[in-house]
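Following: one structure in structure tokens, then a few remarks.
Protein chains: 2
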Amino acid sequence: MSALPRYQQLKQQIIGQISRGELKPRDRVPSENDLVGSAGVSRMTANRALRELNDEGYVERVAGVGTFVADLQSASHVLEVRNIADEIALRGHRHSATVITQQNERAADEMAKSLRIDRGAPVFHLLLVHRENDVPIQLEDRFVVASFAPDCLKQDFCRQTPSAWLSAIAPLQEAEHKVRAAMPSKETQKHLQLGDHEPCLVVIRRTWSDGRPVSFARLYHPGSRFELTGHYTPPGIRKSTPDQAP
Amino acid sequence: MSALPRYQQLKQQIIGQISRGELKPRDRVPSENDLVGSAGVSRMTANRALRELNDEGYVERVAGVGTFVADLQSASHVLEVRNIADEIALRGHRHSATVITQQNERAADEMAKSLRIDRGAPVFHLLLVHRENDVPIQLEDRFVVASFAPDCLKQDFCRQTPSAWLSAIAPLQEAEHKVRAAMPSKETQKHLQLGDHEPCLVVIRRTWSDGRPVSFARLYHPGSRFELTGHYTPPGIRKSTPDQAP
DNA sequence: TGCTTTAGCCTGTATATACAACCTGTCTTG
DNA sequence: CAAGACAGGTTGTATATACAGGCTAAAGCA
Chain A
53 MSALPRYQQL KQQIIGQISR GELKPRDRVP SENDLVGSAG VSRMTANRAL
103 RELNDEGYVE RVAGVGTFVA DLQSASHVLE VRNIADEIAL RGHRHSATVI
153 TQQNERAADE MAKSLRIDRG APVFHLLLVH RENDVPIQLE DRFVVASFAP
203 DCLKQDFCRQ TPSAWLSAIA PLQEAEHKVR AAMPSKETQK HLQLGDHEPC
253 LVVIRRTWSD GRPVSFARLY HPGSRFELTG HYTPPGIRKS TPDQAP
Chain B
53 MSALPRYQQL KQQIIGQISR GELKPRDRVP SENDLVGSAG VSRMTANRAL
103 RELNDEGYVE RVAGVGTFVA DLQSASHVLE VRNIADEIAL RGHRHSATVI
153 TQQNERAADE MAKSLRIDRG APVFHLLLVH RENDVPIQLE DRFVVASFAP
203 DCLKQDFCRQ TPSAWLSAIA PLQEAEHKVR AAMPSKETQK HLQLGDHEPC
253 LVVIRRTWSD GRPVSFARLY HPGSRFELTG HYTPPGIRKS TPDQAP
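Chains A and B are the protein sequences, given in the same order.
To convert, count from 1 in the first sequence and add 52; that's our numbering.
To convert, count from 1 in the second sequence and add 52; that's our numbering.
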């Protein structure tokens, strides 16, 4: 169990104060020299922590003035993090899931890097098939940081999806997505009951809580019976009527 | 006229070498100590330049081994409606386009419905291939409401993309997206220089201005060398670090 | 009072130095 | 020949120091 670097600890400490409400938007954040005194680090280390928090949008720095908690005003984003069970329910259909794998593993190189943990650190590996009216609609291949969710192996993910459970045990703060098209592996093809040469839409999602990645998931969808939808409105514009798209 | 900071100059120098092809993916990038000698900076300055290039996805660093040019797997932001030329420029690459079709047509049933115009009403049909460093990266199949953009046929879309031109002549107010995976048609396969059984990532986009649809586009991307990225932050929380995922 | 100067704090950058951890290839040894 | 020890290069982090530049408020002056 290697300790996080000092500048990362500093970042988390400040992120924690922001997310707990101890520091509110526009509040002044301790200056680099304050942190030299209070945290016992050198100014360059404090500088790196604050600079990265600035790059990441947590705080705003003004040369000659100070560092302040950023105004939280996130743009309306597309591709919201939704629970697939909710999506299906919204369509008036029935969701069901089958758990294929639910076990402890050790993080391989790439996974460790993605989740920002040590190589070989324990992670929980989940593999499940989601169905809409008994038709396979998503193969969920998920890794969860073990220390974040110790009870992961005790959960019955047929009843509550991993996504729903994770956002229940800790507030989800952030999600990154990547979307790509790819041909499925033999196994994925089987689980999703795909025909030959039928592509998959793969959503790769990394979710964060308290400034740390907690889960990494690959979500495979059959290209022939699935699509993502999104909506974008530039800042400062009032919406009109989006109805059915082509 | 203030000069750029030294670490920024270093970054640009390396980005330039990458985008000019002097450094190719997986090539070794000069180490921090090399830069100390060749660029005459301190190691910490070289470190900052390389570290930021790593955070931005240009290079990949492996402790104990070295720094290497990242495999370029193009990424594009789903959320924001962006001009592909800008996306490519942001990556330090060169954008080029070829216009295949640019003509007046009459709206077919489905298209008329999508664009909320009468069946048979005039629309402009554009078909163009976008390239990133001469590699086809997007086939744009677009229909524009004729009454909205009468000068559409006079434009040279090799110089300015349809997306850029449209948002210049009228403020874009809304965009709907759909994303799906599909196998390309023979013609799409040819234009994108795709191999057999190689899937496409298709973004279908309808843009609105003044409460009316003005344009409908299908954007085909090669599944093997393209991905969409997105970022989601629930209300009340501010962003953290998006870096490269596996 | 009203304007100017100045002192002081803050961030931004740059350097020199140091040590830890990691990886690879080589050399030694059994 | 194979396994292990080792050296050298590389990144990752941390510190101390220095100077430039921006901003603010207090001090000084008219």
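Yeah, the Cβ is synthetic: ideal placement off N, Cα and C, and Gly gets one too.
query, result
"Residues within the stretch 238-262 of chain A neighbouring chain B, beta-carbon criterion of under 7 Å", "H249, P251, C252, L253, I256, R258, W260"
"Rounded Cβ spacing between M235(A) and H249(B) (contact assumed at less than 8 Å)", "6 Å"
"Chain-ordered chain B contacts of E157(A) [CB-CB under 9 Å]", "Per Cβ cutoff of 9 Å: no residues; E157(A) is ~16 Å from chain B at best."
"Chain A within 7 Å of L102(B), Cβ atoms only", "no"
"Residues of its chain near L95(A), where Cβ-Cβ distance is below 7 Å and the 5 sequence neighbours each way are ignored", "Per the sequence shown, the amino acid found at residue 95(A) is Arg instead of Leu. So the list reads E84, N85, V88, once near-sequence residues are dropped."
"Interface residues of chain A facing L234(B) [CB-CB closer than 7 Å]", "Note that residue 234(B) corresponds to Ala in the displayed sequence, not to Leu. In chain order: P251, G275."
"is_contact[E84(A), chain B] using C-beta, thresh 7 Å", "no"
"Minimum Cβ-Cβ distance from E192(A) to chain B less than 7 Å", "no"
"is_contact[L179(B), chain A] using C-beta, thresh 7 Å", "no"
"contact_flag[the stretch 114-123 of chain B, the stretch 66-82 of chain B] where n(CB pairs < 8 Å) is 3 or more", "yes"
"The stretch 253-267 of chain B contacting the stretch 186-205 of chain B, beta-carbon criterion three pairs below 8 Å", "yes"
"Cutoff 6 Å; reference R58(B); Cβ partners in own chain excluding five residues on either side", "V93, T97"
"Where D203(B) falls, given that 16 or more other Cβ within 10 Å makes a residue buried", "exposed"
"Beta-carbon spacing of V181(A), H243(A) below 7 Å", "yes"
"Bridge partners - F200(B), DSSP secondary structure assignment", "BP columns for F200(B) are empty, so no partner."
"Straight-line gap, A216(A) to E279(B) (C-alpha atoms, nearest Å)", "26 Å"
"E279(B) at chain A interface by Cβ criterion, 7 Å", "yes"
"Pick from I169(B), A160(B), L253(B) that is closest to E192(B), judged by C-alpha positions", "L253(B)"
"Endpoints, the beta strand (DSSP E) within which T213(A) is located", "No beta strand (DSSP E) contains T213(A), which DSSP labels as neither H nor E."
"Cβ neighbours of A222(A) in the same chain (closer than 6 Å, five flanking residues each side left out)", "S261"
"Reduced DSSP secondary structure (H/G/I, E/B, other) of Q60(B)", "helix"
"Straight-line Cα distance separating H145(B) from L179(A)", "38 Å"
"Endpoints, the beta strand (DSSP E) within which L205(B) is located", "Here L205(B) belongs to no beta strand (DSSP E), and DSSP marks it neither H nor E."
"G109(B) versus L62(B): straight-line alpha-carbon distance, rounded", "16 Å"
"Boundaries of the beta strand (DSSP E) in which N99(A) is found, first to last residue", "Run containing N99(A): none in the beta strand (DSSP E); it sits in the alpha helix (DSSP H), 95-107."
"Nearest candidate by alpha-carbon position, reference V187(A), set E104(A), L246(A), L271(A), L56(A)", "L246(A)"
"Residue burial classification, S166(B) (beta-carbon count within 10 angstroms, cutoff 16)", "buried"
"Test item: CB-CB of V231(B) and V231(A) under 7 Å", "yes"
"Delimiting residues of the beta strand (DSSP E) encompassing L244(A)", "Taken as a continuous stretch (DSSP letters only), L244(A) belongs to no beta strand (DSSP E), as it is neither H nor E."
"Which residues DSSP lists as bridging N85(A), in chain order", "None; N85(A) has no bridge partner."
"Reduced DSSP category for R78(A) - H, G, I as helix; E, B as strand; rest coil", "coil"
"Cβ-Cβ distance between A233(B) and P251(B) below 7 Å", "yes"
"Classification of A160(B) by the beta-carbon crowding that lies within 10 angstroms, buried from 16 upward", "exposed"
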